[in-house]
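Data first, discussion second: the structure below is written as structure tokens.
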Amino acid sequence: MRKVLLTLAALAGLGLAGGAAVVFLGLYNVSAQSGHLPGVAWVLHTTFRNAVELRAMPPDEVPDLFSPDLVALGARHYATACAPCHSVPGEARTATIRSMVPEPPRIEEAVAEWQPNELHWIVYNGVKMSGMPAWPAVTREEEVWPVVAYLAAIKEGLTVEEQQALTAPGEAPEGSPPGAAYCSGCHALIDSGVPRLDIHEAPFLLHTLSEYRDGIRQSGIMQQAASRFSPAQLEELAAFYAAMEPTGPASAPPEAGAQLAARGTGDVPACTACHGPGASEARGDFPALAGQDEAFLVTQLRLWRSGERGGSELMTQAAEDLDDAEIEALAAWYAALPPAKGPEAE
Ligand code: HEC
Ligand code: HEC
Ligand code: HEC
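Here it is as structure tokens:
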């Protein structure tokens, strides 16, 4: 028995010494020139595959992904966040990207062996020690679905023409600041799920863009977009959207939301006092809501209610007691109002 224990101790000692030699003497060659040793790539990929299968949500929790707006939003985010590594249908990866170890697969290959629930897990979590990044906003797991919807469209055989149509630039009149065509690609061309910017004033736009850039307001999509521009460029873009005159149709606003929006509570003023129409307590950095996208309003009210969007204590209090039906009624009412510039506008 003693002999066995001594042998085991000696082996453990040797193992530790070997490990220490690799770490401290630099014996392991980290060069990416030669790829992994035979077998290592297989071990890593099999570990990755099984880890995802174990942790992905059940398939019946996957929402409906067959919406053109969802696919378009995913495609436009993917174009700057993922395409540099995985490319898009019709384009090649650069020689430098193909020299990564492991090599990022072309997106058509990357999606082939995964289901939507697994793709959601991979894009939200990333893959450690591979170069595959995690979603930048840890509180916004639901925001990954548009990307999964786009990946599902690729799996269904998205053509090069369809790809180009999905990411065509938005309109940018002469004299627009750099980036305007890129921003408007999402903000003016996607019908649902993306907020309109033309109802906002410059202080709110600038404050919000800096919060995204610094990761204070979390959104993997907007943190990516805002981090591509300098503070001075964001200021120009804020001024550009603030100078736009909002136009667009209004529909008949449903009554239920009107009453809720005008009813304050003990500590909290009415929604309309801060957000309009005709706000009495608004400041430049308060957002207007009249004519705003309905799906966006629902998402933001849920984020305030669950404490995941910070930044305004009063707004957290205003939303914390709303139930789902009230959130939907308020969003439907504000979305149906005629779009107007700033919360003070009547
Ligand atoms: C810096 C390069 C890089 C970026 C940016 C990147 N990825 Fe990856 N991705 C990788 C690498 C490398 C792997 C391979 C991981 C492995 O096989 O171990 C990978 C793996 C994947 C896989 C799994 C494919 C497989 O190996 O089976 C999917 C799906 C994927 N990425 C989608 C995305 C999406 C969507 C984005 C953007 C939100 C993105 N990636 C951004 C490098 C990148
Ligand atoms: C890939 C699509 C996409 C692109 C490109 C994009 N945005 Fe956004 N933007 C969104 C989405 C989605 C949201 C909602 C994010 C959230 O939930 O916080 C948003 C939110 C915003 C908001 C907050 C509006 C509000 O009412 O709270 C501002 C301001 C904004 N974007 C400005 C910009 C500017 C400026 C650019 C260009 C630099 C830009 N966006 C590029 C999709 C995009
Ligand atoms: C005391 C003023 C105040 C009251 C009352 C108030 N809000 Fe807000 N609300 C704000 C401020 C300030 C923000 C922006 C905070 C930030 O971006 O950091 C905001 C943001 C929002 C947003 C996100 C809009 C966007 O474009 O990003 C929605 C939606 C919203 N409020 C709805 C409501 C509703 C519905 C009510 C009534 C139940 C309400 N608010 C009551 C001050 C208020």
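Numbering (the UniProt record's numbering), first residue to last: 1 to 346.
Where is the CB? At the ideal position from N, CA and C, for every residue including glycine.
The structure displayed is predicted, hence computed values, not measured ones.
- Message: For ligand 1, is there any heavy atom lying closer than 8 Å to the beta carbon of E103?
- Response: yes
**Item:** W135 vs V144 beta-carbon contact at 9 Å
**Value:** yes
Nearest by alpha-carbon distance to F66: which of Y150, A172 and G185 is it?
Y150
| What are the complete alpha helix (DSSP H) segments, minimum 4 residues, inside the segment 144-226? | 145-155, 160-166, 180-187, 202-213 and 220-226
- [ ] Specify, as a first and last residue, the run of the alpha helix (DSSP H) that R49 falls within.
- [x] V40 to R55
- Message: Here's the rule: buried if 16 or more other CB atoms are within 10 angstroms of the residue's CB, otherwise exposed. What is E230?
- Response: According to the sequence shown, residue 230 is Ser rather than Glu. Exposed, since its Cβ has fewer than 16 Cβ neighbours within 10 Å.
Q. Since G179 and Q233 are thought to touch, with beta carbons under 8 Å apart, how far apart are those beta carbons, to the nearest angstrom?
A. 6 Å
Host alpha helix (DSSP H) of Y28 (start-end): Neither: Y28 is in no alpha helix (DSSP H) and is coded neither H nor E.
I'd like to know if the segment 79-88 and the segment 18-29 are in contact, where contact means that at least 3 CB-CB pairs between them fall below 8 Å. no
**Message:** Report the CB separation of G311 from E156 in whole angstroms; it is logged as a contact under 8 Å.
**Reply:** Contact doesn't hold; Cβ gap of about 39 Å is too wide.
Along the chain, where does the alpha helix (DSSP H) that runs through G257 open and close?
E255 to A262
Would you say the beta carbon of Q300 comes nearer than 8 Å to a heavy atom of ligand 3?
yes
task = State the start and end residues of the unbroken alpha helix (DSSP H) segment that holds C82.
result = Careful: C82 lies outside any alpha helix (DSSP H) and carries neither H nor E.
- Cβ-heavy atom distance between S312 and ligand 3 below 8 Å? yes
Through-space distance from V43 to G13, alpha-carbon basis
26 Å
Next item on the list: Find out if the Cβ-Cβ distance for the pair P102, A41 is shorter than 9 Å.
Entry: yes
Q) Under a three-way DSSP split, which group does M132 fall into? A) strand
- ligand 3 heavy atoms versus the CB of W304: any closer than 8 Å? yes
Using the Cβ count rule (16 or more neighbours within 10 Å means buried), how would you classify M315? buried
Alpha helix (DSSP H) containing L111: first to last residue? According to the sequence displayed, residue 111 carries Val and not Leu. Where V111 is concerned, the enclosing alpha helix (DSSP H) stretches over I107 to A112.
### Message
Relative to the C-alpha of Q115, which candidate in E61, T96 and L73 has its C-alpha closest?
### Response
E61
_Proximity test, C271 beta-carbon vs ligand 1 heavy atom, cut-off 8 Å_ = no
Would you say L14 touches ligand 1, meaning its beta carbon is less than 8 Å from a heavy atom? no
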